[in-house]
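J.: I am attaching a structure below and will ask some questions about it afterwards.
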Amino acid sequence: MAFARAMPKLHLITYGCQMNEYDSERVAGLLRDERYELTERADDADLILLNTCAIREKAEDKVYSQLGELKRMKAARPELLIGVMGCMAQLQRGRIQERAPHVDLVFGSPAIARVGELVARVRAERRPLLETGEGPLVKITARPAGASPLKAFVTVMEGCEKHCTFCVVPTTRGRERSHAPAVILDEIRGLVAGGCREVTLLGQTVNAYGRDLDPATDLAALLEQVDAIEGLARIRFTTSNPYNLTDRLIRAIRDVPKVVEYLHLPLQSGSDRVLARMNRGYTRARYLELIGELRATVPDLALSTDLIVGFPGETEDDFAETVTAVREIAYDNVFAFRYSARPGTPAAGMPDQVPEPVKARRLNELLAVAQAVGAERSAALEGRVLPVLVDGVSRRNAGEVTGRTRCNRVVNFAPEGRDLHGDVVDVRITQALPHSLRGELAAAPPRPAGMG
Ligand code: SAM
């Protein structure tokens, strides 16, 4: 009697940005084609892959400490395969297996499309494999089993050529390369056919999309094409660089119906001196000018940003300029980081590195200001009726549902006995809390299909 062999099991651990989440999904999809089944449990897996981040040292420390834990598992089960993929793999290359010799496989982002072949090789040969060379840009559309999620990420371009002096992305993700619109649209149509209602178009510098294509195109044109996909309700995109923010894109945020009124626009610092040393390619005045244009064109726009404190040479005065910028711009949300010296970047070798306790104090001060500013923006939403895309059950109260406004705020409210999952409904905001809004279903006429 013949028995079917059990499928080998894959456990994936993902660190870092949304692009990594997207890549992990692709890897799960590609390995499903090789008959690997996903498992939530590391101790149940035949293959454990860590999809890593290298943007700050702390992100790398987390991976090494995870690898330390996996060492014991590998000692108990030597047949277990352990792989490290993604940005840290691309940056650290051979150093990962030097420091953690129990790692069987290391591969960078360009090799993701070949994950099936790499895993098969390491399984057959049983010796460490390192694959961190350049590779062609391949759009991988494989996905894990099951229906599409309600909200999905779609990578539209990879890499970055901005060469900010603090950043490893040009090393880890290579130069800017865009996927063709037809391939992106096909992927989104497939997602929508499976029930997806919202896509987030991803790129390290997403608003530089299309410059490298022949014929060249831009993000505004892509947004219009995605907008035409029936059944899709919302389009987000991230991350935009101020340097590439065009009038055309600003108008697209206003005019393309499914594009939400939300923009993540990293400022990094409010000081011209620091911006110049970061090689950001804009001044504080230019950034404020862009914000003025954005607010004049899209009055309801919610803005978020990334900021770095303690960049080499940042003085108290420089830091104070970042704080005043946050107040002046009134961001809805701020992501602030302590500067972390990254190998091979110009800033790592700059004089006047800022001591860690100073960075920590500045970060706390900045976050306190950002929180107060964000709370004011939230409070201003009280009493308004906003369309909410319902995407789950409230974490605090199983009798309530949760969803997001177009400006990306979480809203919890009672569904009044209706099954609203995946619907866009009008909700009256009744209370702004520190991390979410409370609301109640508004008795509004139904919105036209596909909008919201
Ligand atoms: N490409 C985008 C841009 O710069 O406009 C952002 C990509 S990056 C993955 C996300 C954020 O991490 C950056 O905007 C920056 O604030 C922060 N970051 C990057 N390198 C850093 C470093 N060496 N130390 C601290 N934060 C860093």
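Take any residue in the sequence shown, count from 1 to its spot, add 19: that is its number in this note's numbering. Ideal Cβ positions, reconstructed from N, Cα and C, are used throughout, including at glycine.
1) Is Val388 helix, strand or coil when you go by DSSP?
2) Excluding the five sequence neighbours on either side, which residues of its own chain have a C-beta within less than 8 Å of the C-beta of Arg270, listed in chain order?
3) Considering only C-alpha positions, which residue in the set Leu242, His198, Val211 is nearest to Pro234?
4) Between the Cα of Ala366 and those of Pro331, Arg346, Asp410, spot the shortest distance and give me the residue it belongs to.
5) Does the beta-carbon of Arg118 have 16 or more other beta-carbons within 10 angstroms, so that it is buried, or is it exposed?
6) Confirm, please, whether the CB-CB distance from His440 to Val392 is below 7 Å.
7) If we count the other Cβ atoms within 10 Å of its Cβ and call it buried at 16 or more, is Arg146 buried or exposed?
8) Given that a residue counts as buried once 16 or more other Cβ atoms are within 10 Å of its Cβ, and exposed if not, what is Gly178?
9) Any heavy atom of the ligand SAM closer than 6 Å to the beta-carbon of Arg196?
10) Are the beta-carbon atoms of Ala47 and Pro163 separated by less than 7 Å?
11) Kindly indicate which three-state DSSP category Ile448 falls into: helix, strand or coil?
12) So Glu137 packs on Leu124, CB below 8 Å; how close in whole Å?
13) Roughly how many angstroms lie between the CA atoms of Arg423 and Gly368, to the nearest whole one?
14) If you compare alpha carbons, which of Asp274, Gly329, Leu264, Ala355 is closest to Gly300?
15) In the structure shown, what three-state DSSP assignment does Gly113 receive?
16) Please identify the residue among Thr421, Asp371, Pro362 whose C-alpha is closest to the C-alpha of Glu335.
17) Does the ligand SAM have even one heavy atom less than 6 Å from the beta-carbon of Ser167?
18) Please name the residue in Asp62, Met107, Gln390, Cys106 whose C-alpha comes closest to that of Arg96.
19) Taking DSSP's pairing of strands, which residues face Asn427 in a bridge?
20) Just to confirm my understanding: we take Val342, look at its own chain, exclude 5 residues before and 5 after, and list those with CB closer than 8 Å. What are they?
21) Taking C-alpha atoms, which residue in Arg51, Val446, Pro374, Glu312 lies nearest to Gly135?
22) Using a Cβ-Cβ cut-off of 6 Å (strictly less than) and excluding sequence neighbours within five positions of Leu66, which residues of its own chain qualify?
23) Closer than 6 Å by C-beta to Arg219: which residues in its own chain qualify, once you throw out the five before and the five after it? Chain order, please.
24) Per DSSP, which residues does His30 bridge with? Please list them.
25) Here's a check: name, in chain order, each residue in its chain whose Cβ is nearer than 6 Å to the Cβ of Leu456, leaving out the five neighbours to either side.
26) How do the stretch 309-327 and the stretch 337-353 stand: do at least 3 beta-carbon pairs fall below 8 Å, yes or no?
27) In the DSSP assignment, find the beta strand (DSSP E) that holds Asp10 and state where it starts and stops.
28) Where DSSP assigns a beta bridge to Pro406, which residues make up the other side?
29) Mind pulling the beta strand (DSSP E) runs of 3 or more residues that sit fully within the stretch 40-89?
30) In chain order, what residues of the same chain lie with their CB nearer than 8 Å to the CB of Asp246, ignoring the 5 residues before and after it?
31) Taking Tyr281 as part of the alpha helix (DSSP H), name the residues at either end of that continuous run.
32) Are Leu309 and Pro261 touching if we call contact CB-CB under 7 Å?
33) What does a CB cutoff of less than 8 Å around Lys93 pick up in its chain, not counting 5 residues either side in sequence?
T.: Let me lay it out:
1) helix
2) Once the five neighbours on either side are set aside, the close Cβ partners of Arg270 are Ala239, Thr316.
3) His198
4) Pro331
5) The Cβ neighbour count for Arg118, taken over all protein chains shown within 10 Å, is under 16; the residue is labelled exposed.
6) no
7) exposed
8) buried
9) no
10) yes
11) strand
12) According to the sequence provided, residue 137 is Leu. The question's Glu does not apply to it. That pair is a contact at about 6 Å.
13) 42 Å
14) Leu264
15) helix
16) Taking only the C-alpha atoms, the option nearest Glu335 is Asp371.
17) no
18) Asp62
19) Under DSSP, Asn427 forms no beta bridge with any residue.
20) Gly289, Glu384, Leu385, Val388
21) Arg51
22) Leu29, Leu100
23) For clarity, residue 219 is Thr in the given sequence; the question names Arg instead. Closer than 6 Å at Cβ, skipping near neighbours: Phe172, Arg255.
24) Ile67
25) Arg428, Val430, Ile448
26) yes
27) Summary: the structure shown does not reach residue 10, with the chain confined to residues 20 through 471, and so no result is reported for it.
28) Asp445
29) 66-71
30) The residues Ile254, Val275, Pro276, Lys277, Val278, in chain order, have a CB closer than 8 Å to that of Asp246 in the same chain once the five nearest residues on each side in sequence are set aside.
31) It is not in any alpha helix (DSSP H) - Tyr281 instead sits in the beta strand (DSSP E) that spans 281-283.
32) In this structure, Leu309 sits near Pro261, with a CB-CB distance shorter than 7 Å.
33) Leu99, Ile101, His121
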